[in-house]
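Using the UniProt record's numbering, you'd call the opening residue of the sequence shown number 1 and step up by one each time.
One structure below.
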Amino acid sequence: MKKNIIYLVLIIIIGVIAFVPGVKEYLRDQFFPIATIENAVHVSEEDYDIELKGINVPSTNLKTFKNKPVFLNFWGTWCPPCRKEWPSIQKLYDSRKGNVDFILIAMNDKEEDIKKFLKENNYSVPVYIAQSPISEKILPKVFPTTFLIDKHGRIIIKEDASRDWNTETVHQFIDNIIK
Numbered sequence: 001m002k003k004n005i006i007y008l009v010l011i012i013i014i015g016v017i018a019f020v021p022g023v024k025e026y027l028r029d030q031f032f033p034i035a036t037i038e039n040a041v042h043v044s045e046e047d048y049d050i051e052l053k054g055i056n057v058p059s060t061n062l063k064t065f066k067n068k069p070v071f072l073n074f075w076g077t078w079c080p081p082c083r084k085e086w087p088s089i090q091k092l093y094d095s096r097k098g099n100v101d102f103i104l105i106a107m108n109d110k111e112e113d114i115k116k117f118l119k120e121n122n123y124s125v126p127v128y129i130a131q132s133p134i135s136e137k138i139l140p141k142v143f144p145t146t147f148l149i150d151k152h153g154r155i156i157i158k159e160d161a162s163r164d165w166n167t168e169t170v171h172q173f174i175d176n177i178i179k
């Protein structure tokens, strides 16, 4: 009888983690740090050399953001998980744009589709299209992929999935990298 109760409790816990929205992300943020600074991958001078065509901002090169904290996101209007995380990115941008440079690079997308998406949703986060090759070190394998890079070029966060970016954990990471 006790064994059955234990199994039932375990099944309920696993069910809650798997099916209740937000629980899995909360537990991941609490118990599994995204990256440690000591083991962080560094973005080199060559990795930063990407020509960026501005969609809602002037065109630039990623190397102009070297030695600054950067929120770098690769996404597409065609990608449902990318679209899902946009509201939280916009909220993070609204509250932290003075502390971190935001660079969202649309991949495999048409400029007119991007402009339409931004206008329909009233998004103002800086969006670009890469005009030169992207280094293998930061080239995404899945979408969305997001990097939070500190002013020393260390990748502090790398997330290969959609997530809520307007969380206390992310705000703490940003507070720590701008010091």
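In this text, a Cβ means the ideal position worked out from N, Cα and C, and glycines have one as well.
These figures come from a predicted structure and were not determined experimentally.
In the displayed model, Lys-53 falls within a strand according to three-state DSSP. Taking a 10 Å sphere around the C-beta of Val-127, we find 16 or more other C-beta atoms and assign the residue as buried.
Under the DSSP assignment, Glu-159 falls in the beta strand (DSSP E) whose first and last residues are 155 to 159. Bounds of any alpha helix (DSSP H) do not take in Trp-165, whose DSSP letter is neither H nor E.
DSSP lists Arg-154 as the beta-bridge partner residues of His-42. Here Ile-178 has Pro-69, Asn-99 as same chain residues with Cβ atoms under 6 Å from its own Cβ, once five neighbours each way along the sequence are excluded. By the Cβ rule, the region 161 to 174 counts as touching the region 85 to 92, because three or more pairs are nearer than 8 Å.
Inter-residue distance for Ile-14 and Lys-141 is about 29 Å (C-alpha atoms, whole angstroms). Here DSSP, grouped into helix, strand and coil, assigns Asp-109 to coil.
CA-CA distance, Ile-155 to Leu-72, rounds to 10 Å. Rounded to whole angstroms, Cys-79 and Met-1 show a C-alpha spacing of 48 Å. Counting C-beta pairs closer than 8 Å gives fewer than three between the region 113 to 133 and the region 143 to 151, which falls short of the contact rule. Here the alpha carbon of Ser-162 sits roughly 6 Å from the alpha carbon of Cys-82. Asn-4 has its alpha-carbon roughly 55 Å from the corresponding atom of Asp-113. In this chain, the beta strand (DSSP E) harbouring Leu-148 covers 145 to 149.
For Leu-52, the CB contacts under 8 Å within the same chain, skipping 5 residues up- and downstream, are Ser-59, Thr-60, Asn-61, Leu-62, Ile-103, Ile-105, Tyr-128, Ile-129, Ala-130, Gln-131 in chain order. Within the region 72 to 110, the complete alpha helix (DSSP H) segments of 4 residues or longer fall at 80 to 96, listed in chain order. Residue nearest to Ile-157 within the set Val-41, Tyr-93, Asn-67, Leu-139 is Val-41 (criterion: CA-CA distance).
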